[in-house]
Every structure is written in structure tokens, then in C-alpha cells.
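Visitor: Below you'll find the structure I mean.
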Amino acid sequence: MILETAAERRELMDRSRTVAMVGASPNPTRPSYFVFSYLRTRGKFEVTPINPATAEIDGVKSYPSLAAYAAEHGAPDIVDVFRKADDAPQVAREAIAAGAKAIWFQYGVINDEAIRLADDAGLAVVVDRCIKVESARFDGGLSLSGMNTGVLTAKRRVR
Amino acid sequence: MSDRAFGFRTRALHAGTPPDPETGARALPLHLSTAFVFDSTEHAAELFALRTYGNIYTRIGNPTVAAFEEKLASLEGGIGGLATASGLSAQLIAILTVAEAGDHLVASANLYGGTITQFSVTLRRMGIEATFVPGGDVDAIRAAIRPNTRAVFTETIGNPNGGVADIAAIADVAHASGVPLIVDNTFATPYLCRPIEHGADVVIHSATKFIGGHGTVLGGAIVESGRFPWGAGRHPLLSTPSPGYHGMNFAETFGEYAFLMRARAELLRDVGAAISPMNAWLLVQGLETLALRMPAHVANAQKVAEFLHGRDEVAWVSYAGLPDSEERERAARYLPLGAGAVFTFGLRGGRDAGRAFIEALQLWSHLANVGDAKSLVIHPASTTHQQLSDDELVAAGIGADTVRLSVGLEDVDDLVWDLERGLAAAAKVAAVRA
Ligand SMILES: Cc1ncc(COP(=O)(O)O)c(C=O)c1O
Chain A
13 MILETAAERR ELMDRSRTVA MVGASPNPTR PSYFVFSYLR TRGKFEVTPI NPATAEIDGV
73 KSYPSLAAYA AEHGAPDIVD VFRKADDAPQ VAREAIAAGA KAIWFQYGVI NDEAIRLADD
133 AGLAVVVDRC IKVESARFDG GLSLSGMNTG VLTAKRRVR
Chain F
10 MSDRAFGFRT RALHAGTPPD PETGARALPL HLSTAFVFDS TEHAAELFAL RTYGNIYTRI
70 GNPTVAAFEE KLASLEGGIG GLATASGLSA QLIAILTVAE AGDHLVASAN LYGGTITQFS
130 VTLRRMGIEA TFVPGGDVDA IRAAIRPNTR AVFTETIGNP NGGVADIAAI ADVAHASGVP
190 LIVDNTFATP YLCRPIEHGA DVVIHSATKF IGGHGTVLGG AIVESGRFPW GAGRHPLLST
250 PSPGYHGMNF AETFGEYAFL MRARAELLRD VGAAISPMNA WLLVQGLETL ALRMPAHVAN
310 AQKVAEFLHG RDEVAWVSYA GLPDSEERER AARYLPLGAG AVFTFGLRGG RDAGRAFIEA
370 LQLWSHLANV GDAKSLVIHP ASTTHQQLSD DELVAAGIGA DTVRLSVGLE DVDDLVWDLE
430 RGLAAAAKVA AVRA
């Protein structure tokens with residue numbers, strides 16, 4: 013199922029605990045490091061880098077593949093994809109094989125085949141969105157940057 | 010949470026201003042604090058690197074200011090906003106986010122005089138050149154776009170001559186060349202027109218005017234659509250590593266938020282034109298009632314324009330809401346709820362009649378501003394547009410006889426009563442001269 017609305021993405025994040033980040037980089041200027049670091053320091057998810065080129069990021073062990081991750085931790089709730097769009101179908105196949113419940117394609121990772129593979133296999137699919145931004149949309153972070161979160165409520169947010 | 014698409018008035022009251030999570034305060038708290046404490050050294054490092062969201066220092070962001078930004082962005086249908094000290098600093102920051110020395114802009118010639126001067130003098134000195142296109146002519150805009158053009162700029166309703174921009178057509182022409190359209194929506198406000206819905210990419214406001222609505226505070230804002238492909242290569246300032254933020258590639262890192270993130274992290278930081286939280290707080294109060302005030306402004310403006318239109322002392326009235334206006338079709342398309350409340354007219358008898366008219370008025374305030382709840386009057390050629398050359402005045406549609414009105418919220422019969430007194434004084438001068 014392709015998640016089109018902010019509400020659907022929020023539900024996905026609310027029911028998820030583990031995020032395997034394919035293509036997470038230890039280079040602090042890379043977007044994937046931004047997202048990794050944000051999710052880790054906010055303590056929202058248990059985030060794990062999937063990157064054969066690095067042993068760890070900020071002390072968190074990196075796995076060479078989703079299969080290697082799943083062998084130790086079981087199926088990830090979300091596979092977050094920071095790879096070239098052309099590589100996305102292969103990542104989708106590996107995510108399906110690892111039993112992932114959802115696959116999240118970051119900004120610019122748009123590949124119809126990958127979307128179809130994941131959707132057909134029953135994964136929740138998010139395309140061309142940033143999991144950091146979507147998580148900040150509901151925790152007040154995005155509002156602090158003057159961004160339009162679309163959140164209207166007269167209820168007090170629980171901190 | 011539901012995905013309901015809330016209406017304009019609901020968003021004006023609720024967007025960006027939920028109850029305060031700390032105290033439960035229902036009104037927006039006024040955070041008059043220059044700086045904000047960090048949770049830890051790690052948190053401080055994450056904030057400075059832009060890897061997490063939060064408050065550092067009010068020149069770059071402030072929770073009260075952010076509430077104004079989000080509310081306005083919601084009303085304009087944008088992805089986010091950025092507030093500044095004034096409308097002119099909003100323009101400067103928007104342009105410097107996409108252009109640098111050696112770059113070029115295409116602008117309508119029907120602009121606020123201060124904007125024309127900002128472009129033709131100050132930006133030119135900084136190495137950014139602007140080509141002004143008379144009448145917002147779409148073909149002329151297409152012809153003026155060069156390989157180094159970084160943006161096209163227009164006002165929704167031109168100040169002061171009232172020309173209505175063909176936003177969709179200009180956006181198409183700009184986009185065909187990979188260039189974004191920036192629209193100054195000050196005169197329309199998001200209540201009367203939402204340029205992003207017609208294809209604009211960036212919206213600018215002098216919030217000083219109708220958004221504040223009471224002639225009390227200066228403020229400006231930028232809203233961005235989140236749709237423009239900043240990473241496509243036409244805007245290297247956004248799509249290549251920036252020395253202003255330790256090699257960050259904003260398009261790659263922030264995707265659809267690239268423009269607003271660079272505008273804040275580099276330009277608001279370095280230009281320093283931050284809005285006071287106090288002013289932002291007052292502008293939020295203004296937005297809450299915008300949808301009540303604008304129809305009243307427009308209704309009074311329509312009646313005043315019709316009154317002047319029927320008078321012999323008046324040579325012409327340039328209000329897009331009049332049935333014989335050349336702007337009528339575009340106004341019907343872009344301003345279906347009314348053509349705003351600022352317009353010009355020409356008095357017979359020229360400059361002397363204009364002077365007698367303004368001096369005879371009792372209720373209309375003679376000052377250089379628009380968008381106050383009180384009615385305002387001015388003679389642009391000798392004031393707001395005084396810095397313009399004769400050619401620029403002609404291109405901007407301003408003559409020696411032009412008087413500009415900003416119609417306020419008084420009882421319209423009183424406004425008309427006062428104008429009648431002014432016209433009588435003007436007629437006396439015109440008769441002596443004749
Ligand atoms: C259409 C328009 N844009 C921009 C400005 C500049 O705004 P500010 O005075 O807030 O800098 C004005 C001010 O008169 C204006 O009328």
C-alpha cells in the first residue's frame with residue numbers, strides 16, 4: 013500500500029520501532045547522516061545503518077546487508093532507502109526477503125519497479141519523502157522552522 | 010489526526026498556533042527571548058549543524074515568529090514560511106537565496122517604488138541585474154529571460170497603478186525556462202489571491218500592510234510552494250556545496266525544503282533582518298481577523314471607486330473592480346472576492362489640484378503607507394515613487410496627477426463625504442487655472 017497522506021505516514025511511524033537505513037553514511041555532511049543522527053538522538057526509533065563500507069556510525073554497529081541485519085535482529089519495521097533510484101528495485105527485493113513491514117524511499121529515490129515490487133509484496137510504501145521531516149511534522153520540530161505542518165488542533169501536545 | 014482540508018478562517022485561527030505544549034496557554038505565547046538554552050552539548054552541536062530542529066537565537070528563529078510563519082504559509086498554501094523585519098528585507102532574502110553577483114532577474118515594471126529602487130540601485134551594486142518589463146507583458150517577460158536569469162518577479166496587484174498580473178501565464182513562461190516566479194502578494198493578501206494556486210513558486214509579503222492591518226508594526230514574509238525543482242541545476246546556490254554552511258548541498262539535504270532552509274540558515278542569519286517576536290505576535294493577531302477585515306476593505310473600496318468614477322473632477326479611476334477597467338478579466342480570474350482596497354485616480358487640474366484635494370481632507374490620513382484599518386491618501390509622484398526616473402514613472406503607470414488611496418474600514422458614507430470636500434477644493438484650484 014502506497015501511503016499518500018501525512019496521517020498515513022504518521023500511523024506508520026507510530027506503529028514502528030526499528031528502522032534499517034540502507035545507504036546510511038558516516039560523513040556528517042551527507043543527508044543520510046542528518047536523518048540517522050536526528051532519529052537516533054531523538055530516541056524515536058532504534059536505527060541501524062546498513063552499509064558494507066562502514067563498521068559503525070556514532071557507535072551504532074553497521075550491517076553489510078539487510079539479510080545480515082535480519083539474521084540478528086529479525087525483520088525491520090521500516091527499511092529507509094538512501095540509494096540511487098536505479099538501485100531501488102534491488103533494495104526492495106532485499107527488504108521483502110528480510111520481512112520488512114514498510115519501505116521508505118527518501119527524496120529523489122523514485123523508481124516505479126521498486127514501488128511496484130514492494131507494494132505487491134504487501135509492504136507499506138512511502139515515496140520521495142524524508143522520514144526526518146515527517147517525524148518532525150508531528151513532534152513540533154517542523155513548526156519551529158516555520159514550516160506548514162498541516163497540523164491543526166486545540167489539544168495540547170503531549171511532550 | 011484526520012486529513013480534513015480545513016477552511017481559510019479555521020486555518021487563520023488554528024494553523025501554527027496549537028495550545029502551548031508547556032503551559033497549555035491557548036493564546037500564542039510571546040517569547041521575548043534572544044536565545045534558548047541547549048539540552049546538552051550534543052544537542053547544541055546537532056542544532057548548529059541543522060541536523061535537528063529547535064531554537065538557538067532569535068535572529069535565526071523564534072517560536073513566536075515560527076507560529077506566524079506557519080500560519081501565513083498555511084493560508085497561502087505553501088510548504089513553509091520565513092518572517093523578516095520588513096517586506097523589503099523579505100524580498101532581499103528571497104532573491105539572495107537564488108541569485109548572486111553576475112545573475113539576472115526579470116521584473117514587472119509595475120512595482121512599489123521602493124522595490125524598483127532596491128532592484129535597480131542596491132541589487133545592481135551587488136552585481137545582480139534586473140530587466141523591467143512594462144505592463145507585466147508575458148511575451149516581453151519571455152524575451153527578457155537569459156541563461157543567467159534566476160527568478161521572475163511581479164506583484165499580484167501593482168502598487169500603485171493597480172495592474173493585475175497574469176500569474177498563471179507568467180509562471181508558465183518562467184517555468185519553461187527553468188526559472189521560478191516570485192509574487193509580491195501584499196495588496197491582495199492570501200484572502201483575495203493565493204499565487205501558489207496559480208503556479209507561483211515564492212510569495213512575498215509586506216506584512217506591514219493588510220496582514221498587520223492596523224498600521225502598527227513592520228514585518229515581512231516569504232512563503233514557498235515546495236514544488237520548484239531547486240536541485241535541477243539552474244540554481245547552483247541551492248544545488249552545489251555551500252561554503253556558507255560547511256559544504257552543505259541544500260537541495261540534496263532538504264529536498265522540497267531547500268529554498269526555505271537556505272533562506273534561513275544563510276541569508277536570514279547573514280543579512281540579519283530578523284523580525285521582532287513582538288511584531289510577529291501582532292501579525293498573528295492580524296491574520297486571525299484577515300478574513301473579516303478584507304471583505305470590509307474591498308466593499309468600501311468598491312463604493313469609493315464607484316463614487317469617484319462618477320465625478321467630473323476626476324479624469325480617471327484605476328480600480329480593477331470597476332466594470333470598464335482593462336484589468337477586469339484578470340481581476341475576475343485572480344481576485345474573485347474583490348480587487349483589493351488600494352487604487353489610484355487622476356484629478357483634473359494636475360499637481361495643484363492634487364495638493365488642494367489632499368489638504369482639504371479631514372478623515373483620510375496623508376501618509377506613506379497602505380493597508381491600515383484607517384483610510385490613507387498620498388501623491389506617489391512626489392513621495393513613494395519620487396526616486397523613480399520619468400521613464401520609470403511612466404512604466405509604473407504613475408503621472409503627476411495620480412492620487413493613491415488605501416481604503417479603510419470607516420463608515421463608507423463618511424469617507425465619501427470627506428472626498429466630496431476634497432474634490433470641491435480641487436475643483437476650485439482647477440477653475441482658477443482654467
Ligand atoms: C507592494 C509592496 N511591497 C513591498 C513593500 C515594502 O514593504 P516594507 O515597507 O514592509 O518593507 C511595500 C511597502 O509599501 C509595498 O507596498
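So the sequences go chain by chain: A and F. Going by the numbering used here, the first sequence opens with residue 13, and the numbers climb by one from there. Going by the numbering used here, the second sequence opens with residue 10, and the numbers climb by one from there. Built from N, CA and C at the ideal position, the CB exists for glycine as well.
1) Please work out which residues of its chain come closer than 7 Å, Cβ to Cβ, to F259/F, disregarding the five sequence neighbours upstream and downstream, and give them in chain order.
2) Which residues, in order along the region 146–162 of chain A, keep a beta-carbon less than 9 Å from a beta-carbon of chain F?
3) Where do the N-terminal and C-terminal ends of the beta strand (DSSP E) with L156/A fall, by residue?
4) Which residue's Cα is closest to the Cα of I191/F: N170/F, L201/F, T61/F, F162/F?
5) Would L432/F pass as a contact of G229/F if the rule is Cβ separation under 8 Å?
6) State the DSSP-derived secondary structure class of G431/F, mapped to helix, strand or coil.
7) Could you spell out where the alpha helix (DSSP H) holding S83/F opens and where it closes?
8) Between the alpha carbons of R171/A and A136/A, how many angstroms are there, rounded?
9) Using a Cβ cut-off of 8 Å (strictly closer), state whether L164/A contacts chain F.
10) Quick check: does the Cβ of D193/F come within less than 7 Å of any heavy atom belonging to ligand 1?
11) What is the DSSP secondary structure of V139/A, reduced to helix, strand or coil?
12) Apart from the five residues just before and just after V379/F, which ones in its own chain have a Cβ nearer than 7 Å to its Cβ?
13) If we call anything under 8 Å between Cβ atoms a contact, is D126/A one with A109/A?
14) Can a CB atom of chain A be found closer than 8 Å to the CB of I213/F?
15) In terms of residues, what are the limits of the beta strand (DSSP E) holding L385/F?
16) Checking 8 Å against the spacing of the C-beta atoms, do T26/F and L37/F come in under that value?
17) Just to confirm, does V450/F get its C-beta within under 7 Å of one of the non-hydrogen atoms of ligand 1?
18) Mind checking whether the beta-carbon of Y200/F lies closer than 7 Å to any heavy atom of ligand 1?
19) Can you pull out the residues from the region 76–95 of chain A whose beta carbon lies closer than 9 Å to at least one beta carbon of chain F?
20) Taking M287/F as the query, report the chain A residues whose CB atoms sit under 9 Å from its CB, ordered along the chain.
21) State the beta-bridge partners of W426/F as determined by DSSP.
22) Let me check you understand the geometry: is the CB of N168/F closer than 7 Å to at least one non-hydrogen atom of ligand 1?
23) What residues of chain A sit near P28/F, judged by a beta carbon separation below 9 Å?
24) Compute the minimum distance between the beta carbon of T217/F and the heavy atoms of ligand 1, and state whether it is under 7 Å.
25) Using DSSP bridges, identify the partner residues of K437/F.
26) Interface residues of chain A around E78/F at Cβ under 7 Å?
27) Flag F352/F as yes if its beta-carbon sits less than 8 Å from any beta-carbon of chain A, otherwise no.
28) Using a cut-off of 7 Å between C-beta atoms, extract the partners of P169/F located in chain A.
29) Count the other CB atoms within 10 Å of the CB of W426/F; is the residue buried (16 or more) or exposed (fewer)?
30) When DSSP builds the beta bridges, which residues end up paired with E23/A?
31) Sorted by chain position, which residues of the same chain lie with C-beta nearer than 6 Å to A282/F's C-beta, five sequence neighbours on each side aside?
32) Can you say whether A440/F is buried or exposed, counting buried as having 16 or more other CB atoms within 10 angstroms of its CB?
33) What does T41/A reach in chain F if we use C-beta pairs closer than 7 Å?
34) Comparing the C-beta of G70/F with each C-beta of chain A, is any distance below 8 Å?
35) Tell me the residue span of the beta strand (DSSP E) that contains I179/F.
Guide: Considering the structure as presented:
1) L247, S251, A267, M270, R271
2) A148, F150, D151, G152, G153, L154, S155, L156, S157, G158, M159, N160, T161, G162
3) Per DSSP, L156/A belongs to no beta strand (DSSP E); it is in the alpha helix (DSSP H), 153–156.
4) F162/F
5) no
6) helix
7) 72–85
8) Here R171/A scores only 47 on pLDDT, less than 50, and its place in the model should not be relied on; the value that follows carries that caveat. Taking the straight line from one Cα to the other gives about 27 Å.
9) yes
10) yes
11) strand
12) K218, V351, L385, S415
13) Note that residue 126/A is Ala in the sequence shown here, rather than Asp. It is not a contact, given that the beta carbons lie outside the stated cut-off.
14) no
15) 385–387
16) yes
17) A query on residue 450/F cannot be resolved here, the shown segment of chain F reaching from 10 to 443 and no further.
18) no
19) none
20) Result: empty, since nearest Cβ-Cβ is about 17 Å, beyond 9 Å.
21) Per DSSP, none; premise fails for W426/F.
22) yes
23) T165, A166, K167, R168, R169
24) yes
25) Partner(s): none; K437/F has no beta bridge.
26) G158
27) no
28) What P169/F touches in chain A: nothing, since even the nearest Cβ is about 30 Å away.
29) exposed
30) Answer is none; E23/A lacks a bridge partner.
31) T93, A94, S98
32) exposed
33) H255, G256, M257
34) yes
35) Counting along the chain, I179/F falls outside any beta strand (DSSP E), though it belongs to the alpha helix (DSSP H) covering 176–185.
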